[in-house]
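Student: Protein chains in written order, with this note's numbering: chain A, 1 to 185; chain B, 186 to 476.
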Amino acid sequence: MEDTAIIDLYWQRSDQAIAETDRKYGRYCRRIALNICPDEEDAEECVNDTWFHAWTRMPDERPAILSGFLGTITRHLALDRYRAKHSLKRGGGEVPLALDELRDCVPGPSDPEHEMEVRELEAAIDRFVNALPETDQVIFLSRYWFLASVAEIARKSGCTQSKVKTTLFRLRKKLRIYLQEEGLC
Amino acid sequence: MLEPFGLLKAIGGVRAENVRKAERFLGYGEESAKPRRVRRRIGSTLLIAAVLISLFTITAYAFGLFRVEPSELTKENAEDQMWIFTDSEGNEMRWGDHCEHGFSFYFSGEETPRRVVFRPGWLPQEPTFWFPGVDIDKGSPVWDGENVGWMEYLLDERQKETNFFPEPGIHDVGIPYLVTINYAFKDHYLVFNGACDIVKHENWDQFEVYELTCEKEIHLRPGVTDREDVISRENYVLLFSLDEGYMINVGGTSDLETLEHIARELEIRTTDKPLQFAPGSMVQQINIELG
Numbered sequence: 001m002e003d004t005a006i007i008d009l010y011w012q013r014s015d016q017a018i019a020e021t022d023r024k025y026g027r028y029c030r031r032i033a034l035n036i037c038p039d040e041e042d043a044e045e046c047v048n049d050t051w052f053h054a055w056t057r058m059p060d061e062r063p064a065i066l067s068g069f070l071g072t073i074t075r076h077l078a079l080d081r082y083r084a085k086h087s088l089k090r091g092g093g094e095v096p097l098a099l100d101e102l103r104d105c106v107p108g109p110s111d112p113e114h115e116m117e118v119r120e121l122e123a124a125i126d127r128f129v130n131a132l133p134e135t136d137q138v139i140f141l142s143r144y145w146f147l148a149s150v151a152e153i154a155r156k157s158g159c160t161q162s163k164v165k166t167t168l169f170r171l172r173k174k175l176r177i178y179l180q181e182e183g184l185c
Numbered sequence: 186m187l188e189p190f191g192l193l194k195a196i197g198g199v200r201a202e203n204v205r206k207a208e209r210f211l212g213y214g215e216e217s218a219k220p221r222r223v224r225r226r227i228g229s230t231l232l233i234a235a236v237l238i239s240l241f242t243i244t245a246y247a248f249g250l251f252r253v254e255p256s257e258l259t260k261e262n263a264e265d266q267m268w269i270f271t272d273s274e275g276n277e278m279r280w281g282d283h284c285e286h287g288f289s290f291y292f293s294g295e296e297t298p299r300r301v302v303f304r305p306g307w308l309p310q311e312p313t314f315w316f317p318g319v320d321i322d323k324g325s326p327v328w329d330g331e332n333v334g335w336m337e338y339l340l341d342e343r344q345k346e347t348n349f350f351p352e353p354g355i356h357d358v359g360i361p362y363l364v365t366i367n368y369a370f371k372d373h374y375l376v377f378n379g380a381c382d383i384v385k386h387e388n389w390d391q392f393e394v395y396e397l398t399c400e401k402e403i404h405l406r407p408g409v410t411d412r413e414d415v416i417s418r419e420n421y422v423l424l425f426s427l428d429e430g431y432m433i434n435v436g437g438t439s440d441l442e443t444l445e446h447i448a449r450e451l452e453i454r455t456t457d458k459p460l461q462f463a464p465g466s467m468v469q470q471i472n473i474e475l476g
């Protein structure tokens with residue numbers, strides 16, 4: 001079913017909306033959730049919560065790219081669930097590794113009294129990523145949006161893991177400089 | 186103050202069309218929950234395989250500004266590089282034939298690199314030669330026994346055991362270490378003369394690193410002398426910067442642990458001077474005695 005037709009089902013408050021969404025994007029959202037929450041039960045709950053959020057937000061919203069809309073919801077839910085359940089320095093999966101890598105981009109531990117405006121930071125990162133060459137965009141987002149492993153990215157690109165790590169290191173360095181220049185870090 | 190988890194969450198705000206590119210790259214995209222029955226025909230399967238292979242090649246090539254890969258040099262894609270030396274008696278000797286058992290790195294540069302300089306942080310013993318003699322920025326001596334400046338070439342050359350007519354066996358060519366810089370230019374091959382083995386291949390932050398051992402036979406010209414072949418054993422630690430298109434070669438007869446120590450302690454800087462490269466040949470041999 002086309003995305004526009006699925007979105008119409010939400011707007012019509014049809015009880016087929018979630019069934020069709022699950023049929024088309026269920027595996028996609030589960031994959032995103034599993035990359036973040038290796039526990040299958042947690043991942044399944046994230047996906048179910050995604051359908052709930054989608055039902056709540058449509059209507060009013062009519063997303064241009066449904067996969068992006070749903071995937072973003074799943075990602076946020078999965079990260080929040082991970083943070084609530086695990087110490088960020090331990091535990092399996094890609095999240096602790098990605099967080100260790102992203103320390104390159106940030107100066108130190110959080111200070112809740114001076115917490116960054118989320119929207120301002122999101123907009124800056126969006127501008128940063130949008131300005132990258134497409135190949136760099138794909139590697140950066142595969143790792144830090146989808147939390148895919150370095151091994152998986154290397155396999156999909158036909159490069160060595162060493163090459164992927166080098167590229168990610170360079171991009172993190174660039175991001176740090178960009179955030180500093182924007183006054184966000 | 187920004188912290189990693191906040192940054193990770195904020196990355197979720199990237200626009201959907203860019204996320205979709207990564208989604209397609211990973212193959213996470215739209216998948217039917219039910220398996221579809223597929224009728225396969227051999228012709229279409231081969232066509233799909235050919236398209237996938239070409240897409241894969243394009244994707245792999247597109248990653249990174251410069252690309253390096255070990256490859257076998259063949260007679261079809263390289264000149265026959267023979268250095269011919271003549272001794273005081275007019276006898277000729279040739280140093281190796283890399284087409285027989287060569288090992289090459291192929292640079293396919295798309296941009297012009299900028300000149301790179303380095304400064305050693307640790308050396309097993311003092312060098313015997315360095316270039317330039319004068320710091321390119323300050324004008325002061327690059328090495329005065331205490332202070333070390335930025336350089337492009339560094340050599341430790343001790344008294345050589347070999348001469349033009351060495352005794353048979355493994356010989357020390359008398360170069361414990363040599364640090365040089367090679368740059369990436371389109372269709373330019375960097376070649377090792379001799380049989381090489383990759384001992385280690387890893388990533389050091391911005392460098393892709395290869396560690397090699399190399400045994401090179403020195404073929405003496407038949408009829409000139411009745412000496413048997415002699416062998417030079419050399420080690421190399423190669424640091425490839427794929428972003429900036431250069432390779433730092435730390436080679437020598439020292440063991441790999443010593444050469445790796447030198448390499449790890451190098452301070453490296455890219456200048457703003459673009460490099461004009463006009464090689465005599467597109468195949469350049471980079472063994473230590475020819476550095």
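Idealized CB from N, CA, C, for every residue including glycine.
1) Could you give the distance in angstroms between the alpha-carbon of A:Leu99 and the alpha-carbon of B:Glu400?
2) So B:Val204 contacts chain A; which residues on that side make the cut at Cβ distance below 7 Å?
3) Can you tell me which residues form a DSSP beta bridge with B:Cys381?
4) If you run the structure through DSSP and keep just helix, strand and coil, what is B:Val319?
5) Under 8 Å Cβ to Cβ from A:Glu181, same chain only, skipping five residues before and after it: list those, please.
6) When the cut-off is 7 Å and only beta carbons count, does A:Val106 lie next to chain B?
7) Taking a cut of 7 Å between CB atoms, which residues from the region 161 to 174 of chain A lie near chain B?
8) Tell me, please, whether the CB atom of A:Gln180 is closer than 7 Å to any CB atom in chain B?
9) Kindly say whether A:Arg103, judged by its beta-carbon, lies nearer than 7 Å to any beta-carbon of chain B.
10) Which residues share a DSSP beta bridge with B:Met432?
11) Along chain B, which residues have their Cβ under 8 Å away from the Cβ of A:Lys267?
12) For a minimum of 4 consecutive residues, which ranges assigned as the alpha helix (DSSP H) are wholly contained in the region 116 to 143 of chain A?
13) What do you get for B:Pro361, buried or exposed, if any count of 16 or more other CB atoms within 10 angstroms of its CB means buried?
14) Can you look up A:Arg30 in the DSSP assignment and give me helix, strand or coil?
15) Kindly indicate which residue of B:Gln310, B:Tyr368, B:Val301 and B:Ala195 has the alpha-carbon position closest to the one of B:Trp335.
16) Between the alpha carbons of B:Pro459 and B:Arg299, how many angstroms are there, rounded?
17) Give me the Cβ distance between A:Ala78 and A:Ala123, rounded to the nearest whole Å; I'm assuming they're in contact under 8 Å.
18) In chain order, what residues of the same chain have a beta carbon less than 6 Å from the beta carbon of B:Ile453, not counting five sequence neighbours either side?
19) Considering only DSSP beta bridges, list what B:Gly437 is partnered with.
20) Return no unless some Cβ of chain A is closer than 7 Å to the Cβ of B:Pro189.
21) Does the Cβ of A:Val164 lie closer than 6 Å to at least one heavy atom of the ligand NAD?
22) Using the Cβ count rule (16 or more neighbours within 10 Å means buried), how would you classify A:Ile7?
23) Helix or strand or just coil, what does DSSP make of B:Trp389?
24) Do A:Val95 and B:Val199 have their C-beta atoms within less than 7 Å of each other?
25) Check whether the Cβ atoms of A:Pro59 and A:Trp11 sit closer than 7 Å, and answer yes or no.
26) Which residues mark the beginning and the end of the beta strand (DSSP E) in which A:Asp15 is found?
27) Got a sec, what are the start and stop residues for the beta strand (DSSP E) B:Arg556 sits in?
28) Would you mind giving the Cβ-Cβ distance between B:Val364 and B:Val435, rounded to the nearest angstrom? I have them listed as a contact below 8 Å.
29) Alpha carbons only, please: which of B:Glu208, B:Arg418 and B:Leu339 is nearest the one belonging to B:Ala448?
30) By the 10 Å Cβ neighbour count, where 16 or more other Cβ atoms means buried, how is B:Arg343 classified, buried or exposed?
31) Using a cut-off of 9 Å between C-beta atoms, extract the partners of A:Arg13 located in chain B.
32) If you reduce the DSSP assignment to three classes, tell me which class A:Arg167 lands in.
33) Does any C-beta atom of chain E lie closer than 7 Å to the C-beta of A:Leu121?
34) Given that a residue counts as buried once 16 or more other Cβ atoms are within 10 Å of its Cβ, and exposed if not, what is B:Pro309?
35) Buried or exposed, going by whether 16 or more other CB atoms sit within 10 Å of the CB of A:Thr50?
36) Look up B:Pro459 in the DSSP assignment and give the residues it is bridged to.
Tutor: Taking the coordinates as given:
1) The residue you call residue 99 of chain A lines up with position 99 of the first sequence. The residue you call residue 400 of chain B lines up with position 215 of the second sequence. Their Cα atoms are separated by approximately 44 Å.
2) To locate residue 204 of chain B, count along the second sequence from 1; it is residue 19. Simply Gly68, Gly71, Leu141 and Trp145.
3) Reading the second sequence from its first residue, position 196 is the one you call residue 381 of chain B. Note: B:Cys381 sits in a beta bridge opposite B:Cys399.
4) Mapped onto the second sequence, residue 319 of chain B falls at position 134. Residue state, collapsed to three classes: strand.
5) In the first sequence, residue 181 of chain A corresponds to position 181, counting from 1. Around A:Glu181: no qualifying Cβ.
6) What you label residue 106 of chain A is simply residue 106 of the first sequence in a count that begins at 1. It does; some Cβ of chain B falls within 7 Å.
7) Ser162, Lys163, Lys165, Thr166, Thr167, Phe169 and Arg170
8) If you number the first sequence from 1, residue 180 of chain A lands on position 180. So, not an interface residue.
9) Within the first sequence, the letter at position 103 stands for residue 103 of chain A. At least one chain B Cβ lies under 7 Å of A:Arg103.
10) Sequence index remark: in the second sequence, residue 432 of chain B carries index 247 (1-based). Paired residues: B:Asn367 and B:Phe425.
11) In the structure displayed, chain A extends from 1 to 185; residue 267 of chain A sits before or after that span and is not available.
12) 118 to 130
13) Position 176 of the second sequence, counted from the start, is the residue given in the question as residue 361 of chain B. With 16 or more other Cβ atoms within 10 Å, it is buried.
14) Along the first sequence, one-based indexing puts residue 30 of chain A at 30. Note: A:Arg30 maps to helix in three-state DSSP.
15) Stepping through the second sequence from its first residue, residue 335 of chain B is reached at position 150. Residue B:Val301 is the option with its Cα nearest to B:Trp335.
16) Numbered from its first residue, the second sequence carries residue 459 of chain B at position 274. Numbered from its first residue, the second sequence carries residue 299 of chain B at position 114. So the alpha carbons of these two residues sit roughly 4 Å apart.
17) The residue labelled residue 78 of chain A in the question sits at position 78 within the first sequence. The residue labelled residue 123 of chain A in the question sits at position 123 within the first sequence. At roughly 22 Å, the Cβ-Cβ gap does not stay under 8 Å, so A:Ala78 and A:Ala123 are not in contact.
18) To locate residue 453 of chain B, count along the second sequence from 1; it is residue 268. Cβ within range, chain order: Phe303.
19) Indexing the second sequence from 1 puts residue 437 of chain B at position 252. Beta-bridge pairing links B:Gly437 to B:Asn420.
20) Locating residue 189 of chain B in the second sequence gives position 4, counting from the first residue. Yes - at least one Cβ of chain A is within 7 Å of the one on B:Pro189.
21) The ligand NAD is not among the ligands present in this structure, which contains no ligands whatsoever.
22) Within the first sequence, the letter at position 7 stands for residue 7 of chain A. By the neighbour-count rule (16 or more Cβ atoms within 10 Å), A:Ile7 is buried.
23) As a position in the second sequence, residue 389 of chain B is number 204, starting the count at 1. Looking at B:Trp389 - three-state DSSP - the assignment turns out to be strand.
24) Locating residue 95 of chain A in the first sequence gives position 95, where the first residue counts as 1. Locating residue 199 of chain B in the second sequence gives position 14, where the first residue counts as 1. No.
25) If you number the first sequence from 1, residue 59 of chain A lands on position 59. If you number the first sequence from 1, residue 11 of chain A lands on position 11. In this structure, A:Trp11 lies closer than 7 Å to A:Pro59 by Cβ.
26) Within the first sequence, the letter at position 15 stands for residue 15 of chain A. Premise fails: A:Asp15 is in no beta strand (DSSP E) and is neither H nor E.
27) Nothing in the structure corresponds to residue 556 of chain B, since chain B is present only between 186 and 476.
28) Taking the second sequence and counting its residues from 1, the one referred to as residue 364 of chain B is at position 179. Taking the second sequence and counting its residues from 1, the one referred to as residue 435 of chain B is at position 250. With a Cβ gap of about 5 Å, B:Val364 and B:Val435 count as contacting.
29) Along the second sequence, read from residue 1 onward, the residue named residue 448 of chain B stands at position 263. Selected option, being the one with the closest Cα: B:Leu339.
30) Taking the second sequence and counting its residues from 1, one reaches residue 343 of chain B at position 158. Result: exposed.
31) Against the first sequence, residue 13 of chain A aligns to sequence position 13. None at all; the shortest Cβ gap to chain B is about 23 Å.
32) One-based indexing of the first sequence puts residue 167 of chain A at position 167. Going by the sequence as given, residue 167 of chain A is Thr instead of Arg. Helix at A:Thr167.
33) No chain E is part of this structure, whose protein chains are labelled A and B.
34) Position 124 of the second sequence, counting from 1, holds the residue named residue 309 of chain B. Classification of B:Pro309: exposed, given that the 10 Å Cβ count is below 16.
35) Mapped onto the first sequence, residue 50 of chain A falls at position 50. Answer is buried; the Cβ neighbour count reaches 16.
36) The count along the second sequence starts at 1 and reaches residue 459 of chain B at position 274. According to DSSP, which records beta bridges pairwise, B:Pro459 is partnered with B:Arg299.
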